[in-house]
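Below is one structure, written out as structure tokens, with a few remarks after it.
Protein chains in written order, with the working numbering: chain A, 207 to 463; chain B, 4 to 341.
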């Protein structure tokens, strides 16, 4: 069953960019990677899936219901989004930031219930932030603040998690850590869809891939079907060799200078 | 660390300070009344033999309403400032950022020029005109900034600046032609509490209750909005609806406050900023702390304004800016070092 489905979705910014006639189903339980060159429409696609952008044509559905017609709180109880580089000029502690993930479950005036505190604790633990609980969010490094945003999304106890380039600007160890976390969440039953910059990481960790090129879906399917020499050349314009990963067998790209 | 303990301690200190400045505010004046007698008057206890008959009237009719008006105005301006800052995700926003002050000034100046100040209803015509002017300017900004059902914070800020500047020019024009009322107009724009009575206090109370209630009701949404509108949207906040409510609520607070006191700057900017440094940015702390500290700040400023050149009085808006300005710079400097 599809968690999110896009039916003939189109979106354009002025004349310069257009995402056209996208048909896409994000299956329940998948770990989907969305790849493509800069400006191919990856982030726009994610914002459409999250409901933040309203398609100019076509329909986005969450579990079969039109997303645009659902109350925001109901959506946020099922779907959490981790955006890129969200910073704030205000002082919040890590715990306060993560507690915001409980907002869709609380009515106004209501104070946090034991269940909310448990969800926050669990999210902090899963993201490896136990030590950071009382630290100010503002002073954290890029990798740490990214983990806080992921923990906030986990506190929403979502069925589907959308992420926009969660590993960009992070060093190798942090990248690995975040992908390991996403894989583990996925194994526990969470549907995950992420816009990814790094083709090799995407091929290594994702179950399915969607490759965008110039606002259209160029290829979709298993990493093996999407990551081919011809596709990479068509999508990115780069000349590469594709070889299996030494231990996992997933296709990996090597740039040929 | 900005834990619960720091916040609890800050509330206790602020409450104690508030009690002290309120008492000092009632104590200060040309007629000296001993503290013991003031407390007796305030608690309606029987007075000792030989207490001058004027004392209860001085305390209850002159000083108390004035001090309480300063308290409410300070609270309202600080709450309004904290809300605007969260809403615009900008710690430099203040209650007047969308033109409430210039709108209120046009209203007040127009009422003065029409000579309403000298009529019997004058004491209320000016607050009413200022209140209406402030809300009109928000209405103008609010309608000008809409496009396709959404109002981006940027278009709100731009429309606010444009309307503010234009109305500022209208105020200047009115001031230019004000003739005999010149001094009155100028004084109003520097803010003050002299001659404010219980009716002034009660006339702003419902608006402060309404605006304050709405703002407190949305404390968690403000936490989310302070992360940015897209983030708030993903956390389940109906962004446009909540933004509209908070904008009107904070304008209501600012307009009601300004209608009674005249323009008092800096409070809405400095107080929430200081409270953020003490206890962090979470609005369930920030809003009540700002309301309390704002009250303390304006009551203390009014006290200073009355005492420094006694028996003459300084405009309170001058004092808040003269004290608040350097304090704000000090905070900024200290923060950069920390």
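In this text, a Cβ means the ideal position worked out from N, Cα and C, and glycines have one as well.
- Here the C-alpha atom of residue 218 of chain A lies approximately 20 Å from the C-alpha atom of residue 272 of chain A.
- Closer than 7 Å to the CB of residue 275 of chain B there is not a single CB belonging to chain A.
- Proximity of the region 239–257 of chain B to the region 132–140 of chain B meets the contact definition, three or more beta-carbon pairs being nearer than 8 Å.
- The beta strand (DSSP E) runs of length 3 or more contained entirely in the region 302–370 of chain A are, from start to end of the chain, 366–370.
- A Cβ-Cβ distance of about 4 Å is found for the pair residue 225 of chain B and residue 89 of chain B, placing them in contact under the 8 Å criterion.
- When the five nearest sequence neighbours on each side are left out, the beta carbons in the same chain lying within less than 7 Å of the beta carbon of residue 275 of chain B are those of 81, 84, 85, 88, 289, 293, in order along the chain.
- For the region 377–405 of chain A, the set of positions with a beta-carbon nearer than 8 Å to some beta-carbon of chain B is empty.
- Beta-carbon to beta-carbon, residue 33 of chain B and residue 116 of chain B are separated by about 32 Å, too far to satisfy the 8 Å threshold.
- Restricted to the region 78–160 of chain B, the alpha helix (DSSP H) segments that are unbroken, complete and at least 4 residues in length are 103–116, 125–147, listed in chain order.
- When only Cα atoms are considered, residue 320 of chain B and residue 287 of chain A end up about 45 Å apart.
- Assignment of residue 237 of chain B by DSSP, reduced to helix, strand and coil, places it in the helix class.
- Under the three-state reduction of DSSP, residue 211 of chain A is assigned to strand.
- When rounded, the separation of the alpha-carbon atoms in residue 6 of chain B and residue 340 of chain A is 8 Å.
- Scanning the region 214–281 of chain A from its first residue to its last, the whole alpha helix (DSSP H) runs of 4-plus residues come out as 248–256.
- Taking a C-beta distance under 7 Å as the contact criterion, residue 166 of chain B and residue 143 of chain B qualify as a contact pair.
- Three or more beta-carbon pairs separated by less than 8 Å are not found between the region 225–236 of chain B and the region 96–111 of chain B, which leaves the two stretches without contact.
- With a cutoff of 7 Å on beta-carbon distance, residue 310 of chain A and residue 279 of chain A are scored as near each other.
- Of the other Cβ atoms in all chains shown, fewer than 16 fall within 10 Å of the Cβ of residue 244 of chain A; this residue is therefore exposed.
- Look at residue 426 of chain A here: in three-state DSSP terms it is strand.
- Across the set A/216, A/319, A/240, A/385, the C-alpha of A/240 shows the shortest separation from the C-alpha of residue 433 of chain A.
- Using a Cβ distance threshold of 7 Å, residue 354 of chain A and residue 303 of chain A count as a contacting pair.
- At a cut-off of 7 Å between beta-carbon atoms, residue 97 of chain B makes no contact with chain A.
- Put simply, the CB of residue 249 of chain A is far from chain B, with every gap to its CB atoms at 7 Å or more.
- Under the three-state reduction of DSSP, residue 291 of chain B is assigned to helix.
- In the DSSP assignment, residue 458 of chain A falls within the unbroken beta strand (DSSP E) covering 457–461.
- Exposed is the label assigned to residue 293 of chain A, since fewer than 16 other Cβ atoms lie within 10 Å of its Cβ.
- Taking 4 residues as the shortest admissible run, the region 258–341 of chain B contains the following complete alpha helix (DSSP H) segments, listed from N- to C-terminal end: 270–282, 286–310, 319–340.
- With its beta carbon less than 7 Å from one in chain A, residue 226 of chain B belongs to the interface.
- Buried is the label assigned to residue 148 of chain B, since at least 16 other Cβ atoms lie within 10 Å of its Cβ.
- According to the DSSP secondary-structure assignment, residue 449 of chain A is paired through a beta bridge with A/458.
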